[in-house]
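Numbering (the UniProt record's numbering), first residue to last: 1 to 529.
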């Protein structure tokens, strides 16, 4: 007979050893529970250590998509959403949901920043630029939001509205973008609001790893009009597909810069820019060079007097930009609550997932909490991660093992990025190698944690490598809506775990540590004894 999770002592200022156990949380980014078909690379790949854990320790499944994580029903989860929910210990209703509602009920028309942006463009005659990921992927942006912003340009009678389309191909199929471009152009024609000024792949415009040469390509396109000139943007996209090869990738994600030869849609001094991506991590770098920091060594300078609007806050340090939808405050997240007890914590990841395991896990907070240390391992500088599917997992593992042996942290959280980042390439053999790498890393990490007296929870933020092939046999590069694993490595032979959602992870960590769950956390502990 199981008894519900209970805690006894909640004594601030003592080490976890005095009133509970030390806890290790491992987040396997993009590691879902698939259908065991050929496209489920995780089950098709030998993972002897994870198989051992699942055979010998309590394990269950967590829902990580749709309404379970504050997204629209059926919407695939993503790394930002997953880490927010894991760290918050409650369902965090996502920006996508909030902005969808504002568009549906037309309350967006009363948004003071929307009114300011469009009124300024109308009264001054300055160009209005809408830029962002033009996609139905729902991870970084929404095509519906872009169409609504175009509608508002019609309401304000602004004919000089220009759209700069960043192509997806990661959260959508690699050649889905042509249809999105056609939809946007049709909508602009119908509303008489201008046209698509430029197109470029997200690989360049939405870099997040300080590859400034990639950002420069996007900057030169939208500021200087540098790109291959085409007279029809839909046909231009098709011509990119036609020229695609393994040696010269030219599908959506990697699409070369295209500029509309029929209009001058360059961003100029005093113009209005709305960056309609609601997810921050891949919107920061382009925003930085347009509004925050001159980079003369890279040939990029900020644009004077730019009226710049971000869909959501991109970085707490940004100045002089406007926010359309401010973030809700999340109090007593897992990291904050552990810090309030005077305990020490460590967050570790490689570059690609560092923001997720720090800022997003901490509810959007950039600065560390008291007693929180962080380790950033540089991601490898390769064009795409199928070229090095191990990424920096070995170094992350080594740093983590060193930290475990130091025996100075009450809670450690680590992210292994491979299943997601390599999964996005759609290259099957590379995903296999990524999965093998993670299994090998877990062996050393978990065995070290056991030896050092840590109890370990292993989970994921969303699926990806579990769904690598579409029904038609083509590579799938998007996330899945599959559940994710929840494995509890404990010395308690009577322990069991229930199924749940990502919001249940934080209460379960606190239970291991002997800490009382704060009232703000509405998730439930999944550990039963």
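Even for Gly, the Cβ is constructed at its ideal location relative to N, Cα and C.
query	result
Using only alpha-carbon positions, find the residue among 93, 164, 107, 35 that is nearest to residue 465.	35
Less than 8 Å between the beta carbons of residue 438 and residue 378, yes or no?	no
Output yes or no for whether 8 Å exceeds the beta carbon distance between residue 49 and residue 442.	yes
Rounded to whole angstroms, what is the Cα-Cα separation between residue 346 and residue 376?	11 Å
Given the structure, does residue 369 come close to the ligand HEM, in the sense that its CB is under 7 Å from one of the ligand's heavy atoms?	Because no ligand of any kind appears in the structure shown, any question about the ligand HEM cannot be addressed here.
Can you tell me whether residue 468 is helix, strand or coil according to DSSP?	coil
When DSSP builds the beta bridges, which residues end up paired with residue 475?	469
Identify whether residue 2 lies in helix, strand or coil by the three-state DSSP scheme.	A caution first: residue 2 carries a pLDDT of 31, below 50, which makes its placement in the model unreliable, though a value can still be read off. Of the three classes helix, strand and coil, the one that applies to residue 2 here is coil, per DSSP.
Looking at the secondary structure, which residues open and close the beta strand (DSSP E) in which residue 165 lies?	161-167
For residue 46, is the classification buried or exposed, using 16 other Cβ atoms within 10 angstroms of its Cβ as the cut-off for buried?	exposed
When you compare the region 397-405 with the region 138-154, are there three or more beta-carbon pairs, one atom per stretch, that lie closer than 8 Å?	no
Whose C-alpha, out of 30, 209, 261, 206, is nearest the C-alpha of residue 233?	261
Could you spell out where the alpha helix (DSSP H) holding residue 374 opens and where it closes?	Premise fails: residue 374 lies in the beta strand (DSSP E), 372-377, not in any alpha helix (DSSP H).
Looking only at C-alpha atoms, which of 129, 444, 113 sits nearest to residue 404?	444
Under the rule that 16 or more other beta-carbon atoms within 10 Å means buried, what is residue 44, buried or exposed?	buried
If you draw a straight line from the alpha carbon of residue 136 to that of residue 183, how long is it in whole angstroms?	11 Å
Rounded to the nearest angstrom, what separates residue 478 and residue 85 at their Cα positions?	20 Å
Fully enclosed by the region 356-438, which alpha helix (DSSP H) runs are 4 residues long or longer?	393-406, 418-421
My assumption, with CB atoms under 8 Å, is that residue 543 sits in contact with residue 283. Please give the rounded CB distance.	Within the shown structure, residues of the chain are numbered from 1 to 529, placing residue 543 beyond reach of any answer.
Just the C-alpha distance for residue 223 and residue 521, rounded to the nearest angstrom, thanks.	45 Å
What's the gap between the Cα of residue 463 and the Cα of residue 28?	9 Å
Within the region 114-163, note down every full beta strand (DSSP E) run reaching 3 residues or more, in order along the chain.	128-133
Taking 8 Å as the cut-off, decide whether the C-beta atoms of residue 446 and residue 489 are in contact.	yes
Using the three-state DSSP reduction, which class does residue 106 fall into: helix, strand or coil?	coil
Within 10 Å of its beta-carbon, does residue 389 have 16 or more other beta-carbons around it, so buried, or fewer, so exposed?	buried
Indicate the three-state DSSP secondary structure (helix, strand or coil) for residue 46 in the structure shown.	coil
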